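>
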Amino acid sequence: MKVTVITGCAGFIGTNLSLKLLKKGENILGIDNLSSGSERNLKILRKYKNFEFLKKDVSKKIKIEYKNIDKIFHLASMASPKFYQRYPLETLKTNFTGTLNMLEVAKKTKSKFIFSSTSEIYGDPLVHPQSENYWGNVNPIGIRSCYDEGKRVAETLTFEYFRNFKVKVKVCRIFNTYGKFMSKDDGRVVSNFIVQALKNEDITVYGDGNQTRSFCHIDDLLNGLISLSDSKDDFTGPVNLGSEEEIKIIDLAKMVIKLTGSQSKIVFKDLPKDDPVKRKPDLSLAKKVLKYKNSVPIEMGILETIEYFRGAL
Ligand code: UDP
592 MKVTVITGCA GFIGTNLSLK LLKKGENILG IDNLSSGSER NLKILRKYKN
642 FEFLKKDVSK KIKIEYKNID KIFHLASMAS PKFYQRYPLE TLKTNFTGTL
692 NMLEVAKKTK SKFIFSSTSE IYGDPLVHPQ SENYWGNVNP IGIRSCYDEG
742 KRVAETLTFE YFRNFKVKVK VCRIFNTYGK FMSKDDGRVV SNFIVQALKN
792 EDITVYGDGN QTRSFCHIDD LLNGLISLSD SKDDFTGPVN LGSEEEIKII
842 DLAKMVIKLT GSQSKIVFKD LPKDDPVKRK PDLSLAKKVL KYKNSVPIEM
892 GILETIEYFR GAL
């Protein structure tokens, strides 16, 4: 009986990935300390007989009894600027010590290690779109550094385990992703705008709204993650996963107002420090090696997410 470990199983991507693999019949051992993951998500996962849960902080010593672990999706980390800026030291520990601990598990059990890195490793990029061979423009001492540098060092650890211990590692850099099971108060732009619109509250655009992001629907991301885990052992990445559909934040606000039929007004707030001006992945590598494609256009995906939040509120 093979087991797939998913750290951060109660978070947004973790819940969606767990559900998809559980439905395929895989045995999942989910690990989460529920610092930003939700009990509500976990309750849904617990309904599956092939799901087992371990409440655990990955940055603490971790002992997993299973000998038959086949692969580890290491997703655990706070990922929303609002949360990681509130808990910077925890975020650093999760990404350094937590990744080290999970790499040790992968080494002992000879399992595949799929690490979810981030577009944030490119910082406030000076190259556009961002391809995997761009080394980034990251402030090492700013308010986003705990996440950016945390993920960068986690990538470094992952590649050291590959070089030194031949662990079968795979690294993906996930760009902005949205969809069902996002937490309504995690502070990120898609959930903020939709929740504000549904409550007819002001839509808070930070800065002038001309900064861009490229939003990927969770279903497309999951297909990418699973193709990556199934890819040949000699494919380590890093590989970008996301969407090339770049949009200004102000236009996202207008789209959400239109699609919800909301009475909300747009208000402008201060732009947080070090907020990247532009972000869009170069997906050539993912398309070539993983046959990755985006099949959910943004309006359709946002509409579906609006319906999810309508139910969740
Ligand atoms: N943003 C915004 N209003 C909000 C939340 C976020 O204008 O209520 C902006 C934020 O400043 C950034 C973009 O939306 O430019 C994406 O922010 P998010 O926190 O979702 O993710 P990031 O890509 O910055 O990690």
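Number 904 marks the last residue of the sequence shown (this note's numbering); no jumps.
Where a beta carbon is used, it is the ideal one built from N, C-alpha and C, also for glycine.
Since this is a predicted model, take the numbers as computed values, not measurements.
1) Helix, strand or coil for Asn783? Go by DSSP, reduced to three states.
2) How many angstroms separate the CA atom of Ile655 from the CA atom of Val696?
3) Assuming Thr685 and Val649 make a contact with CB atoms under 8 Å, what is their CB distance in whole Å?
4) How far does the alpha helix (DSSP H) with Cys737 in it reach, from first residue to last?
5) Output needed for Thr595: all residues of its chain with C-beta closer than 8 Å, excluding positions within five of it in sequence on either side, in chain order.
6) Would you check if the distance between the CB atom of Ile705 and the CB atom of Tyr769 is smaller than 9 Å?
7) Do the stretch 721 to 730 and the stretch 769 to 788 make contact, defined as three or more Cβ pairs closer than 8 Å?
8) Taking the straight line between their C-alpha atoms, what separation do you get for Asn831 and Pro720?
9) Rounding to the nearest angstrom, what Cα-Cα distance links Leu904 and Leu789 in this structure?
10) If you drop the 5 nearest sequence neighbours on each side, which residues of the same chain put their C-beta closer than 7 Å to that of Asp739?
11) For the candidate residues Ser626, Gln802, Leu691, Lys864, whose alpha-carbon lies nearest to that of Gly742?
12) To the nearest angstrom, how far is the alpha carbon of Arg764 from that of Val758?
13) Which value, in whole angstroms, describes the spacing of the CA atoms of Pro672 and Ile840?
14) By Cβ distance, which residues of its chain are closer than 6 Å to Thr803, with the 5 residues on each side in sequence left out?
15) Can you give me the start and stop residues for the beta strand (DSSP E) that Gly616 sits inside?
16) Tell me which residues share the same chain as Lys703 and place their Cβ nearer than 6 Å to its Cβ, disregarding the 5 neighbours each side in the sequence.
17) Which residues mark the beginning and the end of the beta strand (DSSP E) in which Glu630 is found?
18) Just the C-alpha distance for Phe753 and Val880, rounded to the nearest angstrom, thanks.
19) Tell me whether Ser707 sits in a helix, a strand or coil according to DSSP, three-state version.
20) Tell me, which residues are paired with Glu643 by DSSP?
21) Compute the beta-carbon to beta-carbon distance between Val762 and Gly828, rounded to the nearest angstrom, for a pair I have assumed lies under 8 Å.
22) Would you mind giving the Cβ-Cβ distance between Pro548 and Pro716, rounded to the nearest angstrom? I have them listed as a contact below 8 Å.
In this structure, then:
1) Helix.
2) A straight-line Cα-Cα distance of about 8 Å links Ile655 and Val696.
3) 6 Å
4) 736 to 756
5) Leu612, Glu617, Asn618, Ile619, Leu620, Ile660, Asp661, Lys662, Ile663, Phe664
6) Against a cut-off of 9 Å, the Cβ pair of Tyr769 and Ile705 comes out as no contact.
7) no
8) 11 Å
9) If I take the Cα positions, the gap works out to 9 Å.
10) Glu711, Ile712, Gly714, Val729
11) The sequence given here has Lys at residue 742, not Gly. Looking at the Cα atoms, Leu691 is the closest of the given residues.
12) 19 Å
13) Approximately 16 Å between the Cα atoms of the pair.
14) Glu837, Lys839, Lys869
15) For Gly616, no beta strand (DSSP E) encloses it, and the DSSP letter there is neither H nor E.
16) Lys662, Lys759
17) Glu630: not part of any beta strand (DSSP E); member of the alpha helix (DSSP H) spanning 630 to 636, first to last residue.
18) Each residue's alpha carbon lies about 20 Å from the other.
19) Strand at Ser707.
20) Leu620
21) 4 Å
22) No answer is possible for residue 548: the residues shown for the chain start at 592 and end at 904.
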